[in-house]
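Peer 1: Could you have a look at this structure, given as structure tokens, before my questions?
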Amino acid sequence: MDRRTTLQWMLAAAALPSWGQSGAATMGRKTLGYGTDPDLVKSYRGVELWPLTMSEPQRRTAAALCNVIIPADERSPGAAQLDVHLFIDEWISAPYPSHIKDRRQIVNGLAWIDSESKLRFGHSFAQTSRKGRAAIRRAGEVFRAFSRSHGGRLLHDARRREGLALRRQHAVADVRRPAARGSQPGRSQLMRRLCARAWFGFIVLWSSAFGADMNALSPAEKAQGWQLLFDGQSLAGWRASDAPGTFSVKDGVIIVHGPRSHLYYVGPIENHDFKNFELKIDVLTFPNANSGVYFHTEWQAVGWPDKGYEVQVNNSHSDTSRTGGLWGIRDYLPVAVPDGQWFTLTIRVDGQRVVTLIDDKTIVDYTEEANPPRPKGLEHRLLGSGTFALQGHDPASVVHYRNIKVRKLP
85 MDRRTTLQWM
95 LAAAALPSWG
105 QSGAATMGRK
115 TLGYGTDPDL
125 VKSYRGVELW
135 PLTMSEPQRR
145 TAAALCNVII
155 PADERSPGAA
165 QLDVHLFIDE
175 WISAPYPSHI
185 KDRRQIVNGL
195 AWIDSESKLR
205 FGHSFAQTSR
215 KGRAAIRRAG
225 EVFRAFSRSH
235 GGRLLHDARR
245 REGLALRRQH
255 AVADVRRPAA
265 RGSQPGRSQL
275 MRRLCARAWF
285 GFIVLWSSAF
295 GADMNALSPA
305 EKAQGWQLLF
315 DGQSLAGWRA
325 SDAPGTFSVK
335 DGVIIVHGPR
345 SHLYYVGPIE
355 NHDFKNFELK
365 IDVLTFPNAN
375 SGVYFHTEWQ
385 AVGWPDKGYE
395 VQVNNSHSDT
405 SRTGGLWGIR
415 DYLPVAVPDG
425 QWFTLTIRVD
435 GQRVVTLIDD
445 KTIVDYTEEA
455 NPPRPKGLEH
465 RLLGSGTFAL
475 QGHDPASVVH
485 YRNIKVRKLP
């Protein structure tokens with residue numbers, strides 16, 4: 085039995101209890117998101133059991149990432165040389181709930197890594213030099229966090245490292261000298277699979293830091309009342325004015341690039357009418373970008389929103405009002421975060437008080453007085469209630485948004 089067939093049957097066997105719990109016939113074929121359950125009385129070959137779902141670019145990124153996490157050394161090869169990325173593709177392609185969850189986690193992580201690499205170096209992560217990959221700042225944060233964990237301490241245990249190196253050497257021998265078709269797998273082949281499964285856990289850890297929570301809520305957030313306004317796949321629940329083509333969705337991100345337009349939330353949550361709330365949104369700006377997040381506003385077919393406040397998103401545009409300020413009312417002039425770096429913008433409205441934060445650092449703390457004076461053209465920049473809107477300012481501006489979530493305050 086070859087490696088892939090063995091892994092397929094191992095995964096199929098692991099999934100059997102879930103079939104019984106769901107009431108599905110164990111000998112039948114039932115669609116579960118994508119792919120189908122295997123017919124256990126049939127002999128499968130090749131990719132018949134389930135198709136592989138990674139694209140070729142994703143596979144290349146995964147291979148490069150494997151070698152960043154576990155690089156080759158003088159005694160043993162890197163993780164990609166053990167085909168760990170192919171094992172991961174096989175694992176996340178299985179049509180069962182836990183595997184589908186892992187797939188979302190891995191794919192989001194790979195997308196983040198590629199987009200970060202393209203932003204910094206102009207090409208994909210797989211094409212970036214070793215020095216360039218190491219320069220992605222958040223990679224170091226993940227390694228430091230992992231090294232402090234129990235798993236990191238085990239990884240750095242000398243005896244375990246020695247044993248792991250020996251297993252990897254056995255695995256390379258298997259790659260160079262595969263078992264004859266139809267033969268039983270030898271001990272070193274089994275070691276290779278066990279090592280690959282262990283590296284898969286490290287890949288999940290890495291991906292968790294970069295994309296596991298992309299456009300998703302944790303159990304703790306759900307318990308705290310957070311709700312998602314963006315599903316990560318479409319603009320469902322949103323409506324664009326002026327030039328709808330300014331807004332698009334790719335790799336779990338709302339891309340804002342085009343002529344003036346505003347994307348209003350018109351979905352069912354709170355009937356898109358918020359008074360006291362906390363809004364969190366991840367933002368990435370490119371050079372000369374200008375955008376904004378409106379609140380307490382309402383749908384307009386054309387023009388700049390007349391009602392409500394705009395929280396500025398601008399780190400390098402000629403307009404000197406910078407990210408986090410209340411544009412035209414309480415502007416903020418310093419640059420709190422550079423272009424090319426994801427940050428979390430938080431907007432909190434409680435009664436007459438508005439607080440904005442960037443990565444938990446307070447930018448503006450403003451309380452609206454009774455009958456506040458307003459300059460001409462901004463007469464309706466007042467607190468009340470309403471929806472949210474994302475701004476597309478001009479064709480030269482590019483901004484990305486993701487993880488848009490809100491919770492109602494008393």
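Residue numbers (our numbering): 85 to 494.
Where is the CB? At the ideal position from N, CA and C, for every residue including glycine.
For P101, which three-state DSSP category applies?
Peer 2: Only weak support exists for where P101 lies, its pLDDT of 38 falling under 50; the value from the coordinates is given anyway. In this structure, P101 counts as helix in the three-state DSSP scheme.
Peer 1: Is it a yes or a no for the region 460-474 touching the region 348-364, going by three-plus beta-carbon pairs under 8 Å?
Peer 2: Yes, since at least three Cβ pairs between the region 460-474 and the region 348-364 fall closer than 8 Å, the two stretches touch.
Peer 1: With burial defined as no fewer than 16 other Cβ atoms inside 10 Å of the residue's Cβ, what is the status of R144: buried or exposed?
Peer 2: By the 10 Å Cβ count, R144 comes out buried.
Peer 1: For the alpha helix (DSSP H) containing F396, name the first residue and the last one.
Peer 2: Before going further, note that residue 396 is Gln rather than Phe in the sequence given. Taken as a continuous stretch (DSSP letters only), Q396 belongs to no alpha helix (DSSP H), being part of the beta strand (DSSP E) at 393-397.
Peer 1: Which class does I176 belong to by DSSP, given the choice of helix, strand or coil?
Peer 2: Helix.
Peer 1: On the criterion of 16 or more Cβ atoms from any shown chain inside 10 Å, does N455 qualify as buried, or is it exposed?
Peer 2: Classification of N455: exposed, given that the 10 Å Cβ count is below 16.
Peer 1: Does the contact criterion of 3 or more C-beta pairs under 8 Å hold for the region 438-454 versus the region 301-318?
Peer 2: Output reads no: the region 301-318 does not touch the region 438-454.
Peer 1: Assuming R143 is part of the beta strand (DSSP E), what are its boundary residues?
Peer 2: From DSSP, R143 is part of no beta strand (DSSP E) but of the alpha helix (DSSP H) over 140-153.
Peer 1: My understanding is that G476 touches S400, with C-beta atoms under 8 Å, so please give their C-beta distance in whole angstroms.
Peer 2: Going by Cβ atoms, the distance from G476 to S400 rounds to 17 Å, so no, they are not a contact pair.
Peer 1: Report the partner residues of Q436 according to the DSSP bridge assignment.
Peer 2: None; Q436 has no bridge partner.
Peer 1: Between the region 143-158 and the region 210-217, do three or more beta carbon pairs fall short of 8 Å?
Peer 2: Counting Cβ pairs under 8 Å, three or more are found: they touch.
Peer 1: Applying the criterion that 16 or more other CB atoms from any shown protein chain within 10 Å of the CB defines a buried residue, is N355 buried or exposed?
Peer 2: Classification for N355: exposed.
Peer 1: Hey, S402 and Y416 are a contact pair by Cβ (cut 8 Å); roughly how many whole angstroms apart?
Peer 2: That belief does not hold up - the Cβ atoms of S402 and Y416 are roughly 16 Å apart, past 8 Å.
Peer 1: In angstroms, rounded to a whole number, what distance separates the CA positions of G316 and P135?
Peer 2: C-alpha separation (whole angstroms): 24 Å.
Peer 1: What would DSSP say about E382, mapped onto helix, strand or coil?
Peer 2: Residue state, collapsed to three classes: coil.
Peer 1: Excluding the 5 residues flanking E394 on each side, which residues of the same chain have their C-beta closer than 6 Å to its C-beta?
Peer 2: So the qualifying residues of the chain are G376, Y378, W411.
Peer 1: The alpha helix (DSSP H) spanning A307 covers which residue range?
Peer 2: From DSSP, the alpha helix (DSSP H) with A307 extends over 303-307.
Peer 1: With which residues is F427 paired in a DSSP beta bridge?
Peer 2: Partner(s): V367.
Peer 1: Leaving out the 5 sequence neighbours to the left and right, which residues in its chain are closer than 7 Å to G342 when beta-carbon positions are compared?
Peer 2: So the list reads A327, G329, T330, G476, P479, once near-sequence residues are dropped.
Peer 1: Go to Y450, then tell me how far its beta strand (DSSP E) extends in each direction, as first and last residue.
Peer 2: Its beta strand (DSSP E) spans residues 445-451.
Peer 1: Residues bridged to E362 by DSSP?
Peer 2: E362 is bridged to R432, R491.
Peer 1: On the premise that W322 lies in contact with Y348, defined as a C-beta separation below 8 Å, what is that separation, rounded to the nearest angstrom?
Peer 2: Correct: roughly 7 Å between the Cβ atoms.
Peer 1: Quick check: what's the CA-CA separation for F472 versus D198?
Peer 2: Cα-Cα distance, rounded: 30 Å.
Peer 1: Alpha carbon to alpha carbon, how far is K334 from V386?
Peer 2: Between K334 and V386, the C-alpha separation is close to 25 Å.
Peer 1: Which of the three DSSP states is assigned to H356 in this structure?
Peer 2: Reduced to three states, the DSSP call for H356 is helix.
Peer 1: Quick check on R486: does DSSP put it in helix, strand or coil?
Peer 2: Reduced to three states, the DSSP call for R486 is strand.
Peer 1: May I have the straight-line CA-CA distance separating N372 from R159, to the nearest angstrom?
Peer 2: Distance between the alpha carbons of N372 and R159 is about 48 Å.
Peer 1: May I ask you to list the residues that DSSP assigns as paired with T407?
Peer 2: According to DSSP, which records beta bridges pairwise, T407 is partnered with nothing at all.
Peer 1: Below 8 Å on the Cβ atoms is my contact criterion, and I expect I339 with S345 to pass it. Report the Cβ-Cβ distance as a whole number of Å.
Peer 2: About 12 Å separates the two Cβ atoms, so there is no contact after all.
Peer 1: Using only alpha-carbon positions, find the residue among T407, E382, A164, P352 that is nearest to I365.
Peer 2: Of the candidates T407, E382, A164, P352, the one whose C-alpha sits nearest the C-alpha of I365 is T407.
Peer 1: With burial defined as no fewer than 16 other Cβ atoms inside 10 Å of the residue's Cβ, what is the status of T451: buried or exposed?
Peer 2: Exposed is the call here.
Peer 1: CB-CB under 6 Å to L368, same chain, minus the five flanking residues each way: which ones, in chain order?
Peer 2: So the list reads W426, H484, once near-sequence residues are dropped.
Peer 1: So, with DSSP's three-state summary, where would you put T137?
Peer 2: Of the three classes helix, strand and coil, the one that applies to T137 here is coil, per DSSP.
Peer 1: I'd like to check one pair, M138 with D173: are the Cβ atoms closer than 9 Å?
Peer 2: Closer than 9 Å, so yes.
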